[in-house]
Amino acid sequence: MRTDPTERPSREKRMPRWMMIVLAAFSVLFVLGAVFGKTPQPQQEPPAAAAVRVEQTPSPATSSSAAPNTYRVAEVMDAGTIKVTGPGGEKIIHVLGLTTPPSTNGCFATETVTWAKNTLAGQEVVIQAVSDDAGVALASVSMVNGGDYSTTALKAGYAKYASKAVEKTVGVALQAAEDAARTAGNGLWGPPCLGKIDTPPTSVAPPQQPVAAPPTTTRAEPTTKKTTPPPAAEEPDPPKAAYYPNCAAARAAGAAPLYAGQPGYSRKLDRDGDGVACE
Numbered sequence: 031m032r033t034d035p036t037e038r039p040s041r042e043k044r045m046p047r048w049m050m051i052v053l054a055a056f057s058v059l060f061v062l063g064a065v066f067g068k069t070p071q072p073q074q075e076p077p078a079a080a081a082v083r084v085e086q087t088p089s090p091a092t093s094s095s096a097a098p099n100t101y102r103v104a105e106v107m108d109a110g111t112i113k114v115t116g117p118g119g120e121k122i123i124h125v126l127g128l129t130t131p132p133s134t135n136g137c138f139a140t141e142t143v144t145w146a147k148n149t150l151a152g153q154e155v156v157i158q159a160v161s162d163d164a165g166v167a168l169a170s171v172s173m174v175n176g177g178d179y180s181t182t183a184l185k186a187g188y189a190k191y192a193s194k195a196v197e198k199t200v201g202v203a204l205q206a207a208e209d210a211a212r213t214a215g216n217g218l219w220g221p222p223c224l225g226k227i228d229t230p231p232t233s234v235a236p237p238q239q240p241v242a243a244p245p246t247t248t249r250a251e252p253t254t255k256k257t258t259p260p261p262a263a264e265e266p267d268p269p270k271a272a273y274y275p276n277c278a279a280a281r282a283a284g285a286a287p288l289y290a291g292q293p294g295y296s297r298k299l300d301r302d303g304d305g306v307a308c309e
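So, in structure tokens, the structure goes:
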């Protein structure tokens, strides 16, 4: 059988089998490396915490500008203003949450100042300032030995509640203390002020009490008897002039006979003129 001369060149150009196997193996490895050998991308970091705005709930304290400090009360100027000495020297403190009677002519002012001096003078207090300007501070005052000063003053009726610069949570307690004093009529909420502290007290006349009649006292007469003069003797009435129109009348009166000079005698009854009539 003769070989076709046209087939020889194509066989001579064909790649050896071992080379084809090697190339196929490399091709498979390349594909597998491309699929499973992908380099992982770095993960993105979360946004910085500073970019997130977090709102903080304000604390219920009355002051956020200064930490509380202990002072000693050097002077009580009025029930709402005191002078203290302590860290940083001397300060004048306007007590937070209080309106007090004017010290010159306010109603209940004298009683309020007297109470404040007895309560605070020389005592140690804790001051927490809301504002502090040139040695004058608006601050809450707590007594070391006994509670919040503003609450005590309001509950006893020595001041009225002032809401300026008072935080809501603290203001609720102070308002409740004032309401309790008003209901009970304590201090300036009672007469004569009745809650009005900016004017002098109006004098209230006390109710008129019925005046009892003084007891009747019988004056004893002295035991010495007075000498009573005897009654004056009554003078006899002058005899009335008797008149008899005739002797019958004289006899009827029992006066006959009538003699001259006797009442009722008349010459006309004495006919014979012998001085005896109606014989």
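Using this note's numbering, the first residue of the sequence shown is number 31, and each one after it goes up by one. All C-beta atoms, glycine included, are put in the ideal place defined by N, C-alpha and C. From a predicted model like this one, the values you see are computed outputs, not experimental measurements.
> How long is the line joining the alpha carbons of residue 64 and residue 58, rounded to whole angstroms?
Replying inline: 10 Å
>> Suppose you measure from the CA of residue 228 to the CA of residue 105; what does that come to, to the nearest Å?
In response: 23 Å
> Roughly how many angstroms separate the alpha carbons of residue 188 and residue 221, rounded to a whole number?
Replying inline: 13 Å
> So, residue 204 versus residue 169, is the Cβ gap smaller than 7 Å?
Replying inline: No; because the gap between Cβ atoms is not below 7 Å, this pair is not in contact.
> Counting pairs of beta carbons, one from the stretch 192 to 212 and one from the stretch 136 to 147, are three or more of them closer than 8 Å?
Replying inline: no
>> Tell me the DSSP secondary structure of residue 299 in three-state form.
In response: coil
>> Buried or exposed for residue 231, going by 16 or more other Cβ atoms inside 10 Å?
In response: buried
> For residue 157, does the three-state DSSP call read helix, strand or coil?
Replying inline: strand
> Which residue comes first and which comes last in the alpha helix (DSSP H) that contains residue 206?
Replying inline: 198 to 214
>> Rounded to the nearest angstrom, what separates residue 10 and residue 164 at their Cα positions?
In response: With the chain covering 31 to 309 only, the question about residue 10 has no answer from this structure.
>> If you reduce the DSSP assignment to three classes, tell me which class residue 175 lands in.
In response: coil
>> So for residue 97, helix, strand or coil by DSSP?
In response: coil
> Taking the alpha carbon of residue 162 as the point to measure from, which residue in 175, 146 and 98 has its own alpha carbon closest?
Replying inline: 98
>> On the DSSP letters alone, give me the boundaries of the beta strand (DSSP E) that residue 113 sits inside.
In response: For residue 113, the enclosing beta strand (DSSP E) starts and ends at 111 to 116.
>> Quick check on residue 227: does DSSP put it in helix, strand or coil?
In response: coil
>> Taking the straight line between their C-alpha atoms, what separation do you get for residue 306 and residue 279?
In response: 16 Å
> Are at least three pairs of beta-carbons, each pair with one atom in the stretch 198 to 216 and one in the stretch 104 to 118, less than 8 Å apart?
Replying inline: no
> Exposed or buried, which one is residue 54 when buried takes at least 16 other CB atoms within 10 Å?
Replying inline: exposed
> Is the beta carbon of residue 291 sitting closer than 7 Å to the one on residue 285?
Replying inline: no
>> Short of 6 Å in beta carbon distance, which residues of its chain neighbour residue 272, apart from the five on each side in sequence? Order them along the chain.
In response: 293 and 294
>> Let me make sure I understand the geometry here. Which of 180, 213, 186 and 215 has the alpha-carbon closest to that of residue 202?
In response: 180
> Taking the alpha helix (DSSP H) that residue 141 falls in, what are its first and last residues?
Replying inline: 139 to 150
> For the putative contact between residue 308 and residue 287, defined by C-beta atoms under 8 Å, what is the C-beta separation to the nearest angstrom?
Replying inline: 5 Å
> In its own chain, which residues sit with a C-beta less than 8 Å from the C-beta of residue 124, not counting the 5 before and 5 after it?
Replying inline: 110, 111, 166, 167, 168 and 169
>> So, with DSSP's three-state summary, where would you put residue 185?
In response: helix
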